[in-house]
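In my numbering, the protein residues as written are 5 to 356.
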C-alpha cells in the first residue's frame, strides 16, 4: 500500500487546506472540563478566519517521509524512525505514520504567523488528514467523513502533545464559519452540536466589526492551560468556570441578535475572570490591546490560551475604528507586532 500511495502521488499530487480561528469560551472544549460539568450548557465559540494552512502531498524517495513547512527547516526520516515529539514537525510525522505513509513529501504553507495561537497547527493536521483520506480514496478506500477527520485529527494531536487538547481548533478548521460548539459528552465518546451564530449572508457586515492583532511574540500557553486544568480538577476554580460558561452562553445569544455591545460586555467579563486566575495570560503588549478595546466599548480577547500570540476585538464599527488607531500605535512598539487581516472563512477544509 505505501508503494501504491507513492505511485498515486506521481500521477497527481493531493492538495488540501483549512482555516485558522479566533475564539471565545475555550478550554471547556477539553473533555477534562466538559465531562465534569455536562449538566449545564458548555460551549466554545469560534470564527474560522481566512488565513489558511495549505498542505500538498508529493511523491518522494521510497521508504522515507519528508516534511517542509513555512518557518522551519525541512526534515526527512526513514518511515519508521520519524520523531513525533521533540521536533517542530513531529505532529506532521505522526499523521504520516498513522496513514502508513512512505515515499511522501509533505509541504505545509501557513497563512498565519508561527505559534500565533490561531490554531494553525490543528488546521495543518486537519488538512493533512483530509489530504491522506483523499489519496487513499484514489486507491479505492472509503473517504473519511468530516466528523471522522475531526476526531482523528484531535486524537493524533492530543496523544502526540502529551497534554490535554480541546476539539474547537479541529472543528473550526473542518467546518469553517461562525459557530458555537455545544459539548455533550456521552459514554460512546465526544459529543458536540454545531450552531451557526452568524449567517453566511451576514459575513461581510460581520467582518467590519472584527479586528485582529499579532502581539509580536509567539504564544507559550502550556503553563496557562496546565494551571486552568489543574485548578479546575482540584475544585478550587470550578465556580469560576461555571460563571464563565454562563458568560459564553450569554455572549452567543447577544451575538446572534447582532447586539455587539452586549456581546462585547460578556466577552470582557469572561476575560476578566481568566486574567484573575492567570495574570500571565496576557503579555504587557496584549494587556494594552485588550484594555484599549474595553475602554472604547468593544470586546477584547486573547486567542487560544494566550501568553503571546494574538488579540482580537469585537464591536460596533465606529468604536472599532478608534480601537484600530490606538492598536496601530501600540503595535509599533514591537518589531514583529502588527494588525492581521480578519475575514470569516465559511468553507472549512477543502481538498483538491
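Every residue, glycine too, gets a C-beta built ideally from N, C-alpha and C.
Query, Result
"Proximity test, residue 39 beta-carbon vs the ligand MG heavy atom, cut-off 7 Å", "Among the components of this structure there are no ligands whatsoever, and the ligand MG is therefore not found."
"Nearest residue (CA-CA) to residue 105, options 122, 88, 130 and 66", "66"
"The stretch 49–65 contacting the stretch 178–191, beta-carbon criterion three pairs below 8 Å", "yes"
"Among 150, 149, 41 and 165, the one whose alpha carbon lies nearest that of residue 92", "165"
"Local Cβ density within 10 Å of residue 216, reported as buried at 16 or more and exposed below that", "buried"
"From 144, 161, 328 and 285, residue whose alpha carbon lies closest to that of residue 309", "285"
"Length of the line joining the Cα atoms of residue 80 and residue 74", "15 Å"
"Assigned secondary structure, residue 55 (DSSP; H/G/I helix, E/B strand, else coil)", "strand"
"Bridge partner(s) assigned by DSSP for residue 87", "Answer is none; residue 87 lacks a bridge partner."
"Close-in-space but distant-in-sequence residues of the same chain around residue 228 (CB under 8 Å, 5 per side omitted)", "282, 284, 285, 309, 310 and 311"
"Cβ pair residue 10, residue 82 closer than 8 Å", "no"
"Status (buried if at least 16 other CB within 10 Å, exposed otherwise) for residue 35", "buried"
"Per DSSP, cross-strand counterpart(s) of residue 68", "82"
"Cβ contact (3+ pairs, closer than 8 Å) linking the stretch 323–331 and the stretch 136–146", "no"
"Inter-residue Cα distance where the pair is residue 220 and residue 342", "7 Å"
"Residues near residue 120 in its chain [Cβ-Cβ closer than 6 Å; skip 5 each side]", "218, 313 and 314"
"Under 8 Å between C-beta atoms of residue 319 and residue 272", "no"
"Span separating the alpha-carbon of residue 160 from that of residue 94", "11 Å"
"Opening and closing residue of the alpha helix (DSSP H) in which residue 211 lies", "207–211"
"For residue 303, the first and last residue of its enclosing beta strand (DSSP E)", "303–306"
"Nearest-angstrom Cα separation, counted from residue 259 out to residue 253", "10 Å"
"Residues bridged to residue 300 [DSSP beta-bridge criterion]", "According to DSSP, residue 300 bridges with nothing at all."
"Sequence-distant residues of its chain with Cβ nearer than 6 Å to residue 96 (five each side left out)", "71 and 110"
"Span separating the alpha-carbon of residue 288 from that of residue 336", "14 Å"
"Which listed residue (291, 125 and 212) has its alpha carbon closest to that of residue 21", "125"
"Beta-carbon gap between residue 33 and residue 171 smaller than 8 Å", "yes"
"Uninterrupted beta strand (DSSP E) stretches inside the stretch 15–58 (no shorter than 3 residues)", "18–28"
"In DSSP terms, what residue 109 is bridged to", "62 and 70"
"Option nearest residue 76 by Cα separation, candidates 41, 30, 113 and 89", "113"
"Start and end residues, alpha helix (DSSP H) containing residue 182", "Residue 182 -> not in any alpha helix (DSSP H); beta strand (DSSP E) instead, spanning 182–187."
"Secondary structure of residue 293, DSSP reduced to three states", "helix"
"Separation of residue 306 from residue 297, as counted between CA atoms", "12 Å"
"Cross-strand partners of residue 140 (DSSP beta bridge)", "Residue 140 is not bridged to any residue."
"Strand pairing of residue 197, partner residues [DSSP]", "186"
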